[in-house]
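Undergrad: Can you read through this structure? Questions will come right after.
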């Protein structure tokens, strides 16, 4: 048995104990986890893809989809580094691929889900530690930054006229009038309210992507 | 699994931390495996940010949302976008809603009806359209005038008192008596000639030993004098002229 494996066997129970989370500072815990983690090799990655789907292209698509959705799930749990946690989840699954191939029955995607829940719990436990108070939300003062506004303005100009009209009309009203206004807009477009909701969402997606590019390009104040 | 009516509310509760551990796990499994469910969550996130900024969440909900979703990079990005969008919409308010056109009102009314009612409405429209089409192609009842003409052995109308008729009906039914020795044909060819020498030919089925009836549209019969000659068409295809003529006048 190699030294690292012995080290992992010895240390893993300690790292997963409550004591470890309450006593050891977050920065040190992360460092130990990084040291303890078996760095993913190309071979392990290939094994993971093969487990996800025998067709490599489909497997790669599945992998990307799982990663993106894990990031989203971690974001919903208030994790400040959802991407890192998604990668952590994938690494943990990857380290067990050999065993999974032989023993796991079912949709591989669901296995990621189980591992992700453990990762979330660990992250949450780390956050309730007094040594690491939960990060305060970054409140954007007023009505949003001028850079965001300017970028949005530029992106709105790039939208087709009918899309721009939909966005403006969708957000036109407030409170109870909003429901009536949106119903009218749906009727005007000859679609259901649900279809309008999705159409507006897809326009917002376009706008957000455009804004992201714009913000990266525009100089910060 | 298709999206159920309860799913949007369940996703909302998930994002507001109102689900049990098991419920969360179920939601996350569906998020990873169902595209439609995942998209619904993305839409709901935007709506929650919208509600949060409009202060439409309870204090507890807002607190949870701040401490969980809004602290994430994605939450911050969505909040920044929503704020910029709110400001943009205020700065670019649309003019007062234009009055809907009749067609838009109809579409609005149509879309607001339940599916079953819409299906029934569509069926009724189809029935009405087909009915209108059907009745438009069935000719309206015609009025008939009748006239019985005797065979005149003369080939000239002069000196013969022809039958007269004031034609106000749509069709004139002429009953042409066959001369006694005429051999019945399988059909008859009727040649109508007006006083200008113009002719029109009609073929009518036989056989009737005593007479032949022909219907002539009123449009073919302007005022004037008319002479009819008739031929019998035999079974072997030969045509035999029936001696004599028939005369009448349209007044």
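Protein chains in written order, with this note's numbering: chain A, 1 to 221; chain B, 222 to 472.
C-beta atoms are modelled at their ideal positions from N, C-alpha and C, and glycine is treated no differently.
Do the region 275-290 of chain B and the region 249-262 of chain B make contact, defined as three or more Cβ pairs closer than 8 angstroms?
TA: no
Undergrad: What residues of chain B sit near residue 201/A, judged by a beta carbon separation below 8 angstroms?
TA: 260, 263, 264 and 267
Undergrad: Between the beta-carbon of residue 196/A and the beta-carbon of residue 187/A, is there less than 7 angstroms?
TA: no
Undergrad: Since residue 163/A meets chain B, which of its residues come closer than 8 angstroms, beta carbon to beta carbon?
TA: Ordered by position in chain B, no residue passes the 8 angstroms Cβ test against residue 163/A, which lies about 13 angstroms from the chain.
Undergrad: With distances taken Cα to Cα, identify the nearest neighbour of residue 372/B among 230/B, 464/B and 440/B.
TA: Checking every option, the nearest Cα to that of residue 372/B belongs to 464/B.
Undergrad: Would you say residue 286/B reaches chain A, if we count a Cβ-Cβ gap shorter than 7 angstroms as a contact?
TA: no
Undergrad: In whole angstroms, what is the alpha-carbon distance linking residue 80/A and residue 215/A?
TA: In a straight line, the C-alpha of residue 80/A is about 21 angstroms away from that of residue 215/A.
Undergrad: Report buried or exposed for residue 407/B, applying the criterion of at least 16 other Cβ atoms within 10 angstroms of its Cβ.
TA: exposed
Undergrad: With DSSP as the reference, please indicate the residues paired to residue 412/B in a beta bridge.
TA: 422/B and 450/B
Undergrad: Roughly how many angstroms separate the alpha carbons of residue 114/A and residue 311/B, rounded to a whole number?
TA: 44 angstroms
Undergrad: If you follow the beta strand (DSSP E) that residue 465/B is part of, which residue opens it and which one closes it?
TA: 460-471
Undergrad: If the cut-off is 8 angstroms on Cβ atoms, which residues from the region 207-220 of chain A count as contacting chain B, listed in chain order?
TA: The region 207-220 of chain A vs chain B, Cβ under 8 angstroms: 207, 208, 211 and 212.
Undergrad: Measure how close the beta-carbons of residue 433/B and residue 468/B come, nearest whole angstrom, since I'm counting them as under 8 angstroms.
TA: Not a contact, Cβ separation roughly 16 angstroms.
Undergrad: Considering only residues of the same chain and omitting the five flanking positions on each side of residue 88/A, which have a CB-CB separation below 7 angstroms?
TA: Correct list, in chain order: 119.
Undergrad: Rounded to whole angstroms, what is the Cα-Cα separation between residue 122/A and residue 160/A?
TA: 46 angstroms
Undergrad: Tell me which same chain residues have a C-beta within less than 8 angstroms of the C-beta of residue 370/B, skipping the five on either side of it?
TA: 384, 395, 396, 397, 398, 449, 467, 468 and 469
Undergrad: Where does the unbroken beta strand (DSSP E) through residue 185/A begin, and where does it stop?
TA: Run containing residue 185/A: none in the beta strand (DSSP E); it sits in the alpha helix (DSSP H), 176-189.
Undergrad: By the criterion of Cβ-Cβ separation under 8 angstroms, what are the contact partners of residue 309/B in chain A?
TA: 149, 152, 153 and 156
Undergrad: Give me the Cα-Cα distance between residue 442/B and residue 389/B, rounded to the nearest whole angstrom.
TA: 11 angstroms
Undergrad: Please report how far the alpha carbon of residue 314/B lies from the alpha carbon of residue 281/B, in whole angstroms.
TA: 32 angstroms
Undergrad: Can you grab the Cα-Cα spacing for the pair residue 346/B / residue 183/A, in whole Å?
TA: 25 angstroms
Undergrad: Assuming residue 203/A contacts residue 180/A under a Cβ cut-off of 8 angstroms, what Cβ separation, rounded to an integer in Å, is found between them?
TA: Going by Cβ atoms, the distance from residue 203/A to residue 180/A rounds to 21 angstroms, so no, they are not a contact pair.
Undergrad: Return the chain-ordered list of same chain residues with a C-beta closer than 8 angstroms to the C-beta of residue 445/B, the five sequence neighbours on each side being excluded.
TA: 415, 416, 417, 470 and 471
Undergrad: Below 8 angstroms on C-beta distance, what does residue 82/A contact in chain B?
TA: 293, 294 and 295
Undergrad: In this structure, what does DSSP give as the bridge partners for residue 398/B?
TA: 432/B
Undergrad: Would you report the Cα separation of residue 155/A and residue 210/A, rounded to the nearest angstrom?
TA: 6 angstroms
Undergrad: Can you check whether the C-beta of residue 73/A is within less than 7 angstroms of a C-beta belonging to chain B?
TA: yes
Undergrad: Roughly how many angstroms separate the alpha carbons of residue 150/A and residue 308/B, rounded to a whole number?
TA: 11 angstroms
Undergrad: Are the Cβ atoms of residue 292/B and residue 145/A separated by less than 7 angstroms?
TA: no
Undergrad: If the cut is a Cβ gap below 7 angstroms, which residues of chain A does residue 341/B touch?
TA: Result: empty, since nearest Cβ-Cβ is about 19 angstroms, beyond 7 angstroms.
Undergrad: Have a look at residue 295/B and residue 72/A and give me their C-alpha separation to the nearest angstrom.
TA: 8 angstroms
Undergrad: Check this for me: beta carbons of residue 67/A and residue 86/A, under 7 angstroms apart or not?
TA: Contact flag set, yes.
Undergrad: From the DSSP output, in three-state form, read off residue 218/A for me.
TA: coil
Undergrad: Please report the Cβ distance between residue 166/B and residue 265/B, rounded to the nearest whole angstrom; I am assuming they are in contact, meaning their Cβ atoms lie under 8 angstroms.
TA: The structure shown has nothing for residue 166/B, since chain B only spans 222 to 472.
Undergrad: Consider the C-beta atom of residue 271/B and the heavy atoms of the ligand NAP; say whether any pair is separated by less than 6 angstroms.
TA: In terms of ligand content, the structure shown is empty, and the ligand NAP therefore cannot be addressed.
Undergrad: Please determine, among 393/B, 341/B and 348/B, the residue with the shortest C-alpha to C-alpha distance to residue 363/B.
TA: 393/B
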